[in-house]
Amino acid sequence: MKPGIHPDYHPVTVHCACGHTFQTRSTIKGDMIRVEICSNCHPFFTGKQKLVDTAGRVERFTKKYADAASKAGAAKK
476 MKPGIHPDYH PVTVHCACGH TFQTRSTIKG DMIRVEICSN CHPFFTGKQK
526 LVDTAGRVER FTKKYADAAS KAGAAKK
């Protein structure tokens, strides 16, 4: 490897919102990474079906298309 061209690859601690922490390695600056979801609480890994919505996207979608669905239903009658 050429010296001086590769980023610093060091150990970091990952802290999840669920409280789970684990060690990994990363090139980001700092010694800690905060995440909202990890393999300890993600529905794919836990086998539980739950909606993961951090920005209210589902609510905006249902609100946006609820009006369209009601207008389409009224137009058909």
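Under this note's numbering, the first residue of the sequence shown carries the number 476, and numbering increases by one thereafter. Don't be surprised by glycine CBs; every beta carbon is placed ideally from N, CA and C.
| Item | Value |
| --- | --- |
| Per-residue DSSP class, three states only, for threonine 521 | helix |
| Beta carbon of histidine 485 nearer than 8 Å to that of cysteine 513 | no |
| Contact set for alanine 544: own chain, Cβ-Cβ below 7 Å, skip 5 residues either direction | none |
| Spatial distance of alanine 492 from histidine 481 (CA atoms) | 31 Å |
| Coil, strand or helix - threonine 502 by DSSP | coil |
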